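Peer 1:
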Amino acid sequence: MNDLEKPQKQYIPWMVVGLMDFVTVIGFDDIIYNFQNQGLVAFTSWIIMTFFYVIPYNLIVAHMGSTFSEHGGGITSWMRETNGDTVGYYAAWFYWITGLPYVVDVANSVVISFGWIINGNGNIQANLGNAWFGILTAVIFVIFIWLQHFFKNKSLEIMSTIGGGAMFIMTILFVVMTFIGLSKGAPIATRPFDFKAFIPKDFFSLSFLSTFGLFVFAMNGSELAAPYTKDMRHPARDFPKALKMIAIMTMFLTLFGTFSLGVYFNAHHLPNDLKMNGSYYAFQAIGRQFGLGNSLMYLFAVVQGIYMLAQLAVILDASTRVFLSDVAKRFMPRQLTKMNEDGLPINGYWMTTILCALIMALGALLPKINDIFNWLLNLNGIVSPLSTCFLFWSYTMVRLHQDRFPTPYYTFLKNRKVGLVVGIWMLGITFLLGTLGFFPTDATADTFTLMLVLNIVVPIGMVALGVLMPWIAKRQRNTVSGLAFSRNTWLIFTVLSLVGLIAAATYGMHVNLLNHLTPVIQWAIIIVVDLIIAAVIIKVTSNGRHQLLAASDDEVSN
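Residue 160 in numbering that gives the first Met the number 0 is what sits at position 161 of the sequence shown, and the numbering runs on without skipping anything.
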């Protein structure tokens, strides 16, 4: 085949990469979340965070993307190149697993947007209840986990362009209509709406400082575009352009959006469910002010649904690339590195499904859907900043050893010492804000202790699981059979899984899901579901053991 007959590679324009990344970075909901935590003070916090965090954050990502433009693993590649395979593995693992609470959170938001479209209100507790809310959330993320490999770059481009572009337009529309309303004498809900309302009163209190982890969570994620640099025509030159575009869009969205929210909501007396339903309340209020009824609210609900689905697709696709494309296989058990005939990490999908289900199950311990939604958000305000520390660590290493890592096109801060200081600042402040996030900001007296325990247990579980993977892989390499555990251990694991899951499923269906049915029908459904669970667990554990035996036999024969 000559050069003329070779298929032309399809490159992604830098503006499309920017929109794909914008989908994962900031949205109207992110402004709502921090507005409920801080009121109009969030406007000042956004200004501070924009200049001392957002801009350096995006330019650091641009620097790293330009330095390692030939590597497709994002943070994983950057950490391996600067710190070796072991640190690269832990960066990949923690960056991937700390994204799972957000996957569940995004799926929750999709269910909520559908609820507004169908019912015209945000009373999802009465319309669904905890059990059905959890089931619908599970259906959405399971569908996307198992169908994400059908999303090619082109479909991701289309979804992200539509979702990110529409969300940005809706925010501009909200801001413009706010100022038009003010020019016509529309009342301002926040009183007093003066300079003092924008200044924090208890800046050094734990309850105030603990809210900043959610700011970091709201603004991070621009590094997720790094795996797409190899699909750009001139990555070293164009990737920084995409990051600068994101920084400008983020600044506009956060500052003007927060100001506009103060016009329609009394910042001193906010609804308890503002984080879950605030975006819909906002467009409902502005639509009614201009005589449009609920039409803007329904339009936003549709845009929100598309935006969240696009976000789910990009996060799952990009995080999978980061985790699997550049991780040294010796750190992972053979099951997770096994590819099916289509080249897909099928067991990795199973693990993603199980971990997301566990996160949802823990959230179900809270009494109301609003509590679950708020807890997941605050959990993201802990684990997301802590995993982002890897980014700033790798940047600090690049500036420390600048002679080994030349930047071909874009350099953030030409002065090496200044670059080092900024890298250390970003690393330190990110770690501090993530740690402060353990304090459960939205908790009531009834939920404070449980939320605090969950905030501690879940991150510890993530760390423990990350340490467990190399240990299992080492045991597999050091045994003659290639099995990490004996036949009896597999049997015990299967029995415990059966007993635990069947007991949890039986209790959940009996108490929350099927309690309105007659006992005969209720227990008939429960028995059928329990049998299905038992069959799946036995099949999965049996397949896992057989796969390891087959892999071991292949190695021996080779």
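Backbone N, C-alpha and C fix where the C-beta goes; we use that ideal spot for every residue, glycine too. On a predicted model such as this, the values are computed, not experimentally measured, just so you know.
One question on the structure: do residue 359 and residue 133 come within less than 9 Å of each other, judged by their Cβ atoms?
Peer 2: A contact, by the Cβ cut-off of 9 Å.
Peer 1: What are the boundary residues of the alpha helix (DSSP H) that includes residue 74?
Peer 2: Segment 74 to 82, the alpha helix (DSSP H) holding residue 74.
Peer 1: Given residue 89, which residues of its chain have a CB within under 7 Å of its CB, disregarding the five upstream and five downstream residues?
Peer 2: Counting only Cβ-Cβ distances below 7 Å, and skipping sequence neighbours, we find 465.
Peer 1: Under 9 Å between the Cβ atoms of residue 140 and residue 103?
Peer 2: Cβ distance < 9 Å, so residue 140 and residue 103 count as in contact.
Peer 1: Taking only three categories from DSSP, how would you classify residue 473?
Peer 2: The answer is helix: DSSP assigns residue 473 an H, G or I state.
Peer 1: How about residue 375 and residue 96: do their beta carbons lie closer than 9 Å?
Peer 2: No; because the gap between Cβ atoms is not below 9 Å, this pair is not in contact.
Peer 1: Excluding the 5 residues flanking residue 105 on each side, which residues of the same chain have their C-beta closer than 6 Å to its C-beta?
Peer 2: Closer than 6 Å at the Cβ level, and outside the excluded window around residue 105, lie 307, 310, 311.
Peer 1: For the pair the stretch 400 to 411 and the stretch 437 to 444, tell me if three or more CB-CB distances fall below 8 Å.
Peer 2: Verdict: no, contact absent.
Peer 1: Using only the alpha-carbon positions, how far apart do residue 469 and residue 121 sit?
Peer 2: Their Cα atoms are separated by approximately 45 Å.
Peer 1: Closest to residue 456 by C-alpha separation, out of 499, 82, 381, 476, would be which residue?
Peer 2: The option with the nearest alpha carbon to residue 456 is 381.
Peer 1: I want to know whether the stretch 386 to 404 touches the stretch 412 to 426 - three or more CB-CB distances under 8 Å.
Peer 2: Contact between the stretch 386 to 404 and the stretch 412 to 426 is present, because at least three Cβ pairs lie under 8 Å.
Peer 1: What separation, rounded to the nearest whole angstrom, lies between the Cα atoms of residue 253 and residue 494?
Peer 2: Their backbone Cα atoms lie some 51 Å apart in a straight line.
Peer 1: Buried or exposed: residue 502, going by 16 or more other Cβ atoms within 10 Å of its Cβ?
Peer 2: Residue 502 is exposed by the Cβ-count criterion.
Peer 1: Which residue marks the beginning of the alpha helix (DSSP H) containing residue 284, and which one marks its end?
Peer 2: 273 to 288 is the span of the alpha helix (DSSP H), which, as asked, contains residue 284.
Peer 1: Could you check if residue 9 is buried or exposed, using at least 16 other CB atoms within 10 Å of its CB as the buried criterion?
Peer 2: Result: exposed.
Peer 1: Checking 9 Å against the spacing of the C-beta atoms, do residue 390 and residue 74 come in under that value?
Peer 2: Yes. Within cutoff.
Peer 1: Closer than 6 Å by C-beta to residue 387: which residues in its own chain qualify, once you throw out the five before and the five after it? Chain order, please.
Peer 2: These residues qualify, in order along the chain: 219, 429.
Peer 1: Pull up the distance between the alpha-carbon of residue 557 and that of residue 476, whole angstroms please.
Peer 2: Note that residue 557 scores 48 on pLDDT, short of 50, meaning its location in the model is unreliable; the coordinates nonetheless yield the value given after this. Distance between the alpha carbons of residue 557 and residue 476 is about 15 Å.
Peer 1: So residue 238 and residue 77 are in contact, right, with Cβ under 8 Å, and what is the actual spacing, rounded?
Peer 2: Rounded, the Cβ-Cβ distance is 13 Å, inconsistent with contact.
Peer 1: Buried or exposed for residue 518, going by 16 or more other Cβ atoms inside 10 Å?
Peer 2: Under this definition residue 518 is an exposed residue.
Peer 1: State the DSSP-derived secondary structure class of residue 396, mapped to helix, strand or coil.
Peer 2: Here residue 396 sits in helix by DSSP.
Peer 1: Here's the rule I'm using: 16 or more other beta-carbon atoms within 10 Å means buried, otherwise exposed. How should residue 499 be labelled?
Peer 2: Exposed, by the Cβ-count rule.
Peer 1: Between the stretch 262 to 280 and the stretch 52 to 66, do at least 3 Cβ pairs fall closer than 8 Å?
Peer 2: Short answer: they don't touch.
Peer 1: Could I get the ranges of all uninterrupted alpha helix (DSSP H) runs contained in the stretch 186 to 249, with 4 residues as the minimum, in chain order?
Peer 2: List check, alpha helix (DSSP H) in window: 205 to 208, 211 to 218.
Peer 1: What residue range is occupied by the uninterrupted alpha helix (DSSP H) comprising residue 9?
Peer 2: Note, residue 9: premise wrong, no alpha helix (DSSP H); not H, not E.
Peer 1: DSSP on residue 25, reduced to helix/strand/coil?
Peer 2: Residue 25: coil per DSSP, three-state reduction.
Peer 1: Can you grab the Cα-Cα spacing for the pair residue 263 / residue 86, in whole Å?
Peer 2: The straight-line gap from Cα to Cα measures roughly 48 Å.
Peer 1: Could you give the distance in angstroms between the alpha-carbon of residue 216 and the alpha-carbon of residue 528?
Peer 2: Computed Cα separation, rounded: 37 Å.
Peer 1: Quick check: what's the CA-CA separation for residue 458 versus residue 181?
Peer 2: Cα-Cα distance, rounded: 45 Å.
Peer 1: Where does residue 255 sit, in a helix, a strand or coil, going by DSSP?
Peer 2: Residue 255: helix per DSSP, three-state reduction.
Peer 1: Would you mind giving the Cβ-Cβ distance between residue 426 and residue 392, rounded to the nearest angstrom? I have them listed as a contact below 8 Å.
Peer 2: Right, the Cβ-Cβ distance comes to about 6 Å (below 8 Å), so this counts as a contact.
Peer 1: Report yes or no: do the stretch 195 to 209 and the stretch 285 to 294 share at least 3 C-beta pairs separated by less than 8 Å?
Peer 2: Touching, no, given that fewer than three Cβ pairs across the two stretches are closer than 8 Å.
Peer 1: Under DSSP, the alpha helix (DSSP H) around residue 104 begins and ends at which residues?
Peer 2: First-last of the alpha helix (DSSP H) with residue 104: 99 to 118.
Peer 1: In whole angstroms, give me the CA-to-CA distance for residue 80 and residue 240.
Peer 2: Roughly 24 Å separates the two Cα atoms.
Peer 1: Give the secondary structure of residue 458 by DSSP, where H, G and I count as helix, E and B as strand, and everything else as coil.
Peer 2: The answer is helix: DSSP assigns residue 458 an H, G or I state.
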